[in-house]
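Residue numbers (full-length UniProt numbering): 1 to 190.
C-beta: ideal position from N, C-alpha, C; glycine also.
The next block holds one structure in the form of structure tokens; read it before the comments.
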Amino acid sequence: MKHWGVPNWLAITLSIVIMVVIFLLLTWLIRSQINTMAQDWPTIKKKATEKLNILSEWANQRLNWDYKDYIDNNKRLVDKMESVAGVVLSSLMNVLSQSLIIFVYIILLLMQKRRFINFFKKMSFNAAAMTSLLSDASNSISSYLFGKSKIMLFLFGFYYLGFMLASVPYAVFWLCLQRFFLSFPMLEIL
């Protein structure tokens, strides 16, 4: 924003405001999707139990398994999945709130960039080499984050279009959940 003539304080303020608005919108979107899923949960639970019971009866007919035990197990499985889903959703909201805090800390760190550079220069015997190293690291990180954001936006659009064309229920929720993990480099491996 410097090349547009925007003062540093305004650029930082705008960045923080935009970031907070994006996180609030993302949190609202996920909460609305979760509320929609919660309203549909009795129907989902009923359908899942029916499907599991049909599968158990089929297994009883084909494999001579006692399906009554499996129906009881299926009810327990559905109840267990319900409790696990609650834990997963609360963990997801915790991760989102912690991510917001981390981004705020990163912006605060970037606001004090000069102080950190001066600190590391004082720690080094060769200030020019340290300056070069820090500027190269800064350029690499900036390029990585910019490239990562371009990829994430492209894939967001691509997946959104695919989910909408395929009429996937709760498409936006699944899309945000899938894209969220790609924001962390180590989780991409999973």
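A Cβ-Cβ distance of about 7 Å is found for the pair LYS45 and GLU82, placing them in contact under the 8 Å criterion.
In this structure, LEU134 sits away from PHE146, with a CB-CB distance that is not shorter than 8 Å. Ranked by how close their Cα comes to the Cα of LYS80, the residues VAL104, SER32, THR49 have THR49 in first place. In the three-state DSSP reduction, ASN126 falls in the coil class, being neither helix nor strand. In the structure shown, GLN61 adopts helical secondary structure according to DSSP, grouped into three states. Rounded to the nearest angstrom, the Cβ distance from LEU109 to PHE23 is 18 Å, too far for a contact under 8 Å. Rounded to whole angstroms, the separation of the alpha carbons of ARG114 and MET93 is 34 Å. Counting every other CB atom within 10 Å of its CB across the protein chains shown gives SER56 a total of 16 or more, marking it as buried.
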